[in-house]
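Residue numbering for the sequence shown follows our numbering, beginning at 4 and increasing consecutively. Structure first, commentary second.
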Amino acid sequence: LKLELLKKNIQPHFIKNTLTSLLDWVEESPAQSVVFIQALAREFDLLNGMAEATLIPVSQEIELCQNHLRVMQFRKEISYELEQTGIEPDDLIPPALFHTILENGITHSLPPADGRIRFQLSFERTGKHKKYQLLTRAQPRPAETGGKAGSGTGFRYIAARLQESYGADWTFHSAAVPEGWLTSITIAHAS
4 LKLELLKKNI QPHFIKNTLT SLLDWVEESP AQSVVFIQAL AREFDLLNGM AEATLIPVSQ
64 EIELCQNHLR VMQFRKEISY ELEQTGIEPD DLIPPALFHT ILENGITHSL PPADGRIRFQ
124 LSFERTGKHK KYQLLTRAQP RPAETGGKAG SGTGFRYIAA RLQESYGADW TFHSAAVPEG
184 WLTSITIAHA S
């Protein structure tokens, strides 16, 4: 899984596109390009630090996501926001789950008219389960409309990480909703 996480996030295509965007920023706005480089370096540091972990605090995962959104904001020149509701920062989850879902949201979505893609991460703990939901408020790309997801590399990574940490005591659902795309992860826990 460590290798899968690193391959997924440091793909030559991602690096090439990021460096191409960075060249443009260096020429057009040297001061902003420094912020871009710092965000990219921090994302790589975080990924490297968590690659061998089985579980990490949610707060660390959110920091990774926020850095990734900063990098992608420079790359795509689209505004991204991550809102959080009910999050327990010390709860433990497998690394790069939300990061992978954000990547899918960025890749497979178009911004609404205001040019801003919003991600809403929520958490709810009930008697025997904990549930994370990540709503991508955006328009699906035309070829992406209607239906479920679940066969791509990102979803295979999520399923492998959940299986590694929770055995069969989890569910994963990801589908189009009127507001955009909703991904839910429910994990059974001891009460």
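Don't be surprised by glycine CBs; every beta carbon is placed ideally from N, CA and C.
Tell me the DSSP secondary structure of residue 128 in three-state form. strand
What is the DSSP secondary structure of residue 114, reduced to helix, strand or coil? coil
C-alpha distance - residue 162 paired with residue 57, whole-angstrom precision: 13 Å
Separation of residue 124 from residue 183, as counted between CA atoms: 14 Å
Please give me, in chain order, every unbroken run of the alpha helix (DSSP H) with length at least 4 that falls completely inside the stretch 41-95. 61-79
Sub-8 Å separation of residue 136 and residue 174 beta-carbons: no
Going by the CB atoms, is the gap between residue 112 and residue 141 shorter than 8 Å? yes
Can you grab the Cα-Cα spacing for the pair residue 32 / residue 24, in whole Å? 12 Å
Less than 8 Å between the C-beta atoms of residue 90 and residue 126, yes or no? yes
Burial state of residue 99 (16 or more Cβ within 10 Å): buried
By how many angstroms is the C-alpha of residue 41 removed from the C-alpha of residue 53? 18 Å
Compute the distance between the beta-carbons of residue 138 and residue 102, then report whether it is under 8 Å. no
Using a threshold of 8 Å, state whether the C-beta atoms of residue 80 and residue 121 are closer than that. no
Contacts around residue 149, its chain only, beta-carbon distance under 8 Å, and the 5 residues preceding and following it disregarded: Unreliable positioning characterises residue 149 in this predicted model, as indicated by a pLDDT of 48, which lies under 50. A coordinate reading is not provided.
Could you give the first and the last residue of the continuous beta strand (DSSP E) run that contains residue 179? 173-180
Whole-angstrom Cβ separation of residue 191 and residue 131, contact assumed at under 8 Å? 6 Å
Residue 109 and residue 75 - do their beta-carbons sit closer together than 8 Å? yes
To the nearest angstrom, how far is the alpha carbon of residue 64 from that of residue 155? 21 Å
Comparing alpha-carbon positions, which option in 17, 60, 129, 114 lies nearest residue 143? 114
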